[in-house]
Amino acid sequence: MTIHSSSANELSIAEERYLISRQNSKQDIPIFQQNEEIKSLKQLKSLNEKKSLNEETIKNVLNIDTPQPQVFTSRGDPEQHLLVDKVKTESKKQSVKSQTQGGDGKESQQQQQDVKKEEFFDREDCSQVSSIRMLRNSKFYRKYDLYNKFNKHMPLKRQHQFLVILFVLSLIIQGLFIIIQLTSLNLVSFAIDINLLEIKNLFFQPMDMFLVTRWNLWTYNFQKSNGIISQEEYNSVSKFATSNLGLGFDSLNSNLKLVLNRQELQGLLQTKYIEAYSYLDTYKSEQYNMTLRTAISVLLNFQYILKMNYIYEKTVKADSPQIFYSFKNYPIIRDIMTQLNSDIMEQTIARGQNFEDEMETLFLFQQIFLILMVLSIIYAKIYINKKLILFLHLSQYSDNDAIQHEIQKFKQLLDKLQSDNSYKFNYSLKIADKEFQFLEQKVEKENKNTKNLRKKRISPYRFVFILILFYSILTINSIVNYYEFQKYLKKYPETAQYKKQLADLGGDIPLMFAQREVLYGRKNYMYLDATYFDRMWYYIMESLNNTKLFTSQDPDFNKMLVTNNFKDFYAQIQLSDLCEYLPGDIKIRAVSLCPTIMNQNMRHGLKAMLIYIQNLIETDVAINNFTYRAVPTQNELEGAFMISEVINVMNSYFYNDLIDVTTKLVDQQQIFNICYLVILFVVLLIIITEVKNKIYENSKIIIHFVYVIPSQTIFTDDTFERTLRTLINF
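Residue numbers (full-length UniProt numbering): 1 to 730.
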């Protein structure tokens with residue numbers, strides 16, 4: 001019904017425009033003359049006449065979407081064109097007369113025919129101008145003008161633009177959130193900083209291992225001097241320890257320089273002062289107030305001197321400045337490093353918590369912003385729909401009887417046009433009669449009750465679906481990022497604890513054996529008191545308890561940031577031959593020694609080896625509490641050295657695996673976020689091009705609802721006119 005009504009009304013507008021432009025001018029020309037002129041014009045005007053008049057009218061009736069014709073033109077343009085055309089026609093007439101009097105007959109006939117054509121068009125233009133004057137003098141001209149303006153009106157254009165801006169703004173700010181995530185959360189740097197948990201062991205593990213090597217050589221030298229072993233046996237058993245002198249010092253040197261150059265430690269190294277002991281003689285010493293950096297540098301220099309003494313003299317005096325400084329200041333520096341390690345652990349956990357809080361805050365801000373934008377879009381759409389519904393209320397002015405009457409009338413007109421195309425040349429529009437007819441129909445309409453249609457509404461489902469899809473596209477990125485980073489940060493504390501435990505274990509093993517030898521040889525160090533030896537005993541028991549804890553627990557790697565590669569490595573090293581896991585150079589030098597040390601427990605895996613070590617230390621404590629040596633050592637110090645190296649390999653594998661996990665996560669999220677930014681850009685283009693046009697198209701379509709209003713309502717109903725004027729302001 002709506003389609004036919006719209007078509008009928010469009011034909012009404014087209015008919016009036018045509019009839020206005022083709023008024024009674026034909027009647028001033030004799031019929032036979034008109035036929036001759038029309039016949040001569042058919043070749044020139046067939047395309048223009050048929051396309052601009054006949055086909056346009058037929059297309060409107062058949063509901064072909066064409067632009068709505070304007071029912072009025074500017075007041076001055078037709079008259080100005082008419083004056084110009086008259087001047088042209090008069091000049092042509094004069095030229096024809098002059099040519100006729102003395103020229104070619106064929107050319108003069110052609111010129112006369114052209115002049116007749118021009119006169120014909122002039123009469124049509126005069127008729128058009130006359131019709132336009134009549135139209136503007138009509139009391140319905142204001143309604144003609146209002147109807148034309150309403151057809152060109154775009155309802156709620158600013159509100160629609162604001163709606164599009166909200167969509168675009170949501171995409172842009174979401175992109176900014178993604179860029180913030182990519183730049184602010186540097187997880188790789190965060191993971192690298194976990195190595196700070198090794199500060200204490202970077203310092204003391206190589207130092208204790210160097211001490212183990214020196215004690216190893218001292219023991220074999222003592223046995224040789226007392227005739228327990230021969231020179232050949234000494235050369236054989238001391239070969240491995242002697243080869244480790246350079247390695248032990250080099251490790252100590254590189255690790256201490258690494259500690260001294262750490263950017264994070266510069267403040268502590270420069271501002272932390274200690275009372276360091278300095279050797280005067282066997283029973284005298286003095287304390288110097290020096291920075292921690294200076295104390296470490298002095299210690300490193302003395303260790304180098306000790307290395308040279310063992311290389312060239314094969315021994316070193318216990319009563320020497322180097323041994324005094326190394327032993328006397330050992331507990332002072334170790335306590336500082338232990339406290340530093342604890343502080344770093346707390347800061348690492350706190351930093352992980354800060355990262356987690358940042359992620360939660362960023363996620364909440366994203367969601368709050370998106371929800372606010374969605375609510376704003378919903379509010380704007382509801383407001384627009386409420387206003388557009390007012391346009392739908394124009395349906396109350398629709399009269400089915402009048403519409404059916406106009407449909408029948410225009411069907412008859414269409415049939416006449418299709419059967420006789422010359423019908424349009426004989427049609428005469430009498431505006432006064434037309435308006436009188438409108439007034440009669442108005443009287444009839446006032447006797448009827450206005451048809452009140454049910455309340456119109458615009459279905460929201462399509463827009464709700466688009467909005468849900470839009471929100472899903474925007475929020476999926478923040479949800480994925482939040483989930484992945486939260487999963488990483490939740491596992492970080494357990495990972496840091498295990499990393500510290502591994503690093504401590506690597507230093508605890510050589511400490512127990514090195515300081516045990518110090519306690520056994522306490523009578524050689526007259527400058528060390530009972531307090532010092534008690535402190536060494538405490539360090540040994542602390543390391544023993546750490547070893548027990550490590551062997552008794554079964555780590556849950558599902559709660560840590562490790563891959564299956566490390567899980568497999570950990571399972572293998574617990575049961576496999578530890579000699580296979582030694583670093584390359586040490587593995588070659590210990591190829592014959594490694595299987596025999598520690599009662600051949602190196603073959604049975606890490607856990608068995610650690611249990612053997614803790615049993616060995618516990619036995620020594622139970623027998624004499626490290627007061628004297630009951631049984632000579634049998635390759636125990638070499639075993640401590642090798643086990644420490646194996647734990648270092650395991651520690652490095654764990655760290656590299658953590659960096660690999662972190663790097664893969666960061667790369668994965670970067671690729672995901674970059675792809676997501678591309679998707680957002682595509683969505684932005686779709687909104688600017690397609691969605692924007694669709695939003696405007698709905699308003700354009702709803703304007704066409706006026707096409708179902710009958711002509712007599714449009715031109716005679718004052719209430720409808722007031723409604724139209726109200727709506728045109730939206």
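Built from N, CA and C at the ideal position, the CB exists for glycine as well. All values derive from a computational prediction rather than experimental measurement.
- In summary, GLY639 is buried, with 16 or more beta-carbon neighbours lying within 10 Å of its beta-carbon over all protein chains present.
- Your pair ASN221 and LYS284 does not check out as a contact, with CB atoms roughly 28 Å apart and the cut at 8 Å.
- Cα atoms of ILE305 and ALA241: separation of roughly 17 Å, rounded to the nearest angstrom.
- Residue burial annotation: SER652 is exposed, with fewer than 16 other C-beta atoms found within 10 angstroms of its C-beta.
- In the DSSP assignment, TYR525 falls outside any alpha helix (DSSP H), carrying neither H nor E.
- ILE274 is bridged by DSSP to MET290.
- Buried is the label assigned to CYS594, since at least 16 other Cβ atoms lie within 10 Å of its Cβ.
- Note that the C-beta distance between LYS559 and LYS499 is not below 9 Å.
- With contacts defined as CB atoms closer than 9 Å, VAL649 and TYR581 qualify as a contacting pair.
- Taking a contact to require three or more Cβ pairs closer than 8 Å, the stretch 232–239 and the stretch 209–224 qualify as touching.
- Rounded to the nearest angstrom, the gap between the Cα atoms of ASP343 and LEU268 is 12 Å.
- Nearest neighbour of ARG629 by Cα position, chosen from PHE566, ASP556, VAL518, ILE199, turns out to be VAL518.
- GLN404 and PHE410 have their alpha carbons spaced roughly 10 Å apart.
- Collapsing the DSSP output to three states places SER285 in a strand.
- In this structure, DSSP gives TYR279 an extended state, which the three-state scheme calls strand.
- For the pair LEU505 and ASN546, the CB atoms are nearer than the 9 Å cut-off.
- Between VAL562 and ASP657, the CB-CB gap stays under 9 Å.
- Counting of Cβ neighbours within 10 angstroms places GLY248 among the buried residues, the total reaching 16 or more.
- Per DSSP, reduced to three states, the secondary structure at ILE709 is coil, with no helix or strand assignment.
- By a beta-carbon distance limit of 8 Å, ALA503 does not contact LEU211. Their separation comes to about 18 Å.
- Annotation: THR475 to ILE728 spans about 39 Å, alpha carbon to alpha carbon.
- In the structure shown, the three-state DSSP call for ILE229 is coil.
- Burial check for TYR539: the Cβ neighbour count within 10 Å reaches 16 or more, so the residue is buried.
- No Cβ-Cβ contact shorter than 9 Å links LEU528 with LYS317.
- Our two residues, ASP193 and THR663, have alpha carbons roughly 14 Å apart in a direct line.
- If you ignore the 5 residues before and after ASN625, its C-beta comes within less than 8 Å of the C-beta of TRP537, all in its own chain and listed in chain order.
- The C-alpha of LYS567 is placed about 23 Å away from the C-alpha of ASN601.
- Under the three-state reduction of DSSP output, ASN329 falls in the coil class, being neither helix nor strand.
- By the C-beta density criterion, ASN524 is exposed, having fewer than 16 other C-beta atoms within 10 angstroms.
- According to the DSSP assignment, THR619 belongs to the alpha helix (DSSP H) that extends over 606–624.
- If you ignore the 5 residues before and after ASN216, its C-beta comes within less than 6 Å of the C-beta of ALA241, LEU637, all in its own chain and listed in chain order.
- The Cβ-Cβ distance between VAL678 and PHE470 does not fall below 9 Å.
- Between the beta-carbon of THR551 and that of LEU610 there is about 5 Å, and that keeps the pair under the 8 Å contact cut.
- The beta carbon of PHE203 sits closer than 7 Å to the beta carbons of ASN255, LEU256, VAL259, MET337 from its chain, once the five residues preceding and following it are set aside; these are given in chain order.
- Between THR219 and THR633, the CB-CB gap stays under 9 Å.
- Inclusion of LEU187 and PHE355 in the CB contact set at 9 Å is warranted, their separation being smaller than that value.
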